[in-house]
Amino acid sequence: MTPRLRLGLVAGVIVLLAISAAATRGFGLFRPVSGGDLRLYGNVDIREVDLAFRVPGRIAAMTAEEGTRVAAGARLAELDRRPLADRLAAADARVEAARAQLAKRVAGPRPQEIAAAAAELAQRRATLVAAQADYDRRRPLVSAGAVSQAVFDQTEGAWRAAQAGVQAAEQALSLQRAGSRKEDIDGARADLATAVAEQSAARTDLADSVIEAPSPGVILTRAREPGAIVGAGETVFTLTIDRPVRVRAYVAEPDLGRVRPGLTVTVTADGAPRVYHGVVGYVSPTAEFTPKTVETRSLRADLVYRLRVMVTDADDALRQGQPVTVTLAAGGRRK
Numbered sequence: 108m109t110p111r112l113r114l115g116l117v118a119g120v121i122v123l124l125a126i127s128a129a130a131t132r133g134f135g136l137f138r139p140v141s142g143g144d145l146r147l148y149g150n151v152d153i154r155e156v157d158l159a160f161r162v163p164g165r166i167a168a169m170t171a172e173e174g175t176r177v178a179a180g181a182r183l184a185e186l187d188r189r190p191l192a193d194r195l196a197a198a199d200a201r202v203e204a205a206r207a208q209l210a211k212r213v214a215g216p217r218p219q220e221i222a223a224a225a226a227e228l229a230q231r232r233a234t235l236v237a238a239q240a241d242y243d244r245r246r247p248l249v250s251a252g253a254v255s256q257a258v259f260d261q262t263e264g265a266w267r268a269a270q271a272g273v274q275a276a277e278q279a280l281s282l283q284r285a286g287s288r289k290e291d292i293d294g295a296r297a298d299l300a301t302a303v304a305e306q307s308a309a310r311t312d313l314a315d316s317v318i319e320a321p322s323p324g325v326i327l328t329r330a331r332e333p334g335a336i337v338g339a340g341e342t343v344f345t346l347t348i349d350r351p352v353r354v355r356a357y358v359a360e361p362d363l364g365r366v367r368p369g370l371t372v373t374v375t376a377d378g379a380p381r382v383y384h385g386v387v388g389y390v391s392p393t394a395e396f397t398p399k400t401v402e403t404r405s406l407r408a409d410l411v412y413r414l415r416v417m418v419t420d421a422d423d424a425l426r427q428g429q430p431v432t433v434t435l436a437a438g439g440r441r442k
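For the sequence shown, the numbering used here gives the first residue as 108, with consecutive numbering after it.
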């Protein structure tokens, strides 16, 4: 073999080795030196909320159509409020009745009731005096035969009944003067608390007969129509929350040290000429495998870390679920 041919063969082998090393990153022994721009891949977050009534009923009105942009607190739908209003009225009445009963227990007997009990005692005592007199007069006449035993027995019974009547009247007057028992007052207070809780629940149900937008967004789906009977929790609207726009991207483990919260980034979408700006808001502390929906230059079996980017100048052209590319400039700065 001539020297020239030998030299050409060696040069060819060197070229092949160089090409193989470049294609395989040094046969797996070397990693590229980081320091240039870092490109990450992800999607615009899909943020939706299903709106429903917490109570069942018939839909009376719906004010939003699909595609309507709504502000936070905007009234979107309302149930027929009549049954709920009637329930609240009944609860209000029960509260008033329980409150009156508690006031009655706390106030105790009225002076007139005490006076009536005292008059009853006086009457019972007068009856006892008359019965005592008959008993004392007829008792010695029984042995003389002037009064029969049967008559005397009736007289004695009336006397003992009069004594019992006086004792009952004394106890009744004592109860009136003592007022309500503590246990009765506590029971009346508990009844009032129960009635107030039922009133609060009825008021809450009435308030929940209206669906309001929890945050600004766009109506994505109008699932029901006025007149429909819906159950509690049944979806009526689906609201997509498009502000602020959040991007979910993934960074490979070797580049994790270049990403940290507060860094400014740029965001681009396929087919959109505009470049958006954002800030890294969160980096996951846990690794995961590359999601199938994310295209990266590394193998899919590589571990990545999820991060969230808040886009600061998003417009309607940046739509939820859209694939995007996030670029961190070399030596990126914090906002």
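Cβ atoms here follow ideal geometry from the backbone N, Cα and C, with glycine treated the same way.
Please read these numbers as outputs of a predicted model, since none were measured by experiment.
- For residue 249, the enclosing alpha helix (DSSP H) starts and ends at 218–251.
- Under the Cβ criterion (8 Å, minimum of three pairs), the segment 195–213 does not count as touching the segment 350–359.
- Note: residue 166 is bridge-paired with 186 in the DSSP secondary-structure output.
- Per the coordinates, the alpha-carbon of residue 245 lies some 10 Å from the alpha-carbon of residue 252.
- For residue 159, the enclosing beta strand (DSSP E) starts and ends at 155–159.
- Rounded to whole angstroms, the Cβ separation of residue 345 and residue 386 is 29 Å, and the two are not in contact under 8 Å.
- The continuous beta strand (DSSP E) containing residue 391 extends over residues 383–396.
- The Cβ atoms of residue 166 and residue 430 lie no closer than 8 Å to each other.
- Just so you know, the alpha carbons of residue 230 and residue 289 end up roughly 31 Å apart.
- The Cβ atoms of residue 417 and residue 388 sit closer than 8 Å to each other.
- If the five residues before and after residue 234 are omitted, its C-beta is found closer than 6 Å to the C-beta atoms of 269, all from its own chain and listed in chain order.
- With a cutoff of 8 Å on beta-carbon distance, residue 224 and residue 274 are scored as not near each other.
- In the structure shown, the three-state DSSP call for residue 361 is helix.
- Around the C-beta of residue 336, fewer than 16 other C-beta atoms lie within 10 Å, and the residue is accordingly described as exposed.
- Counting C-beta pairs with one atom in each stretch, the segment 306–318 and the segment 187–198 have three or more that are closer than 8 Å, which means they touch.
- Taking C-alpha positions only, residue 280 is separated from residue 271 by approximately 14 Å.
- The alpha-carbon of residue 277 is positioned some 29 Å away from that of residue 258.
- With a 10 Å radius around the Cβ and a threshold of 16 neighbouring Cβ atoms, residue 396 comes out exposed.
- Residue 371 carries a strand assignment under DSSP once its states are collapsed to helix, strand and coil.
- Relative to residue 356, the option among 415, 239 and 368 whose CA is nearest is 415.
- Under the DSSP definition of a beta bridge, residue 435 partners with 145.
- In this structure, 182 is the residue among 393, 163, 176 and 182 with its C-alpha nearest to the C-alpha of residue 170.
- The Cβ-Cβ distance between residue 435 and residue 365 falls below 8 Å.
- Under the three-state reduction of DSSP output, residue 410 falls in the strand class.
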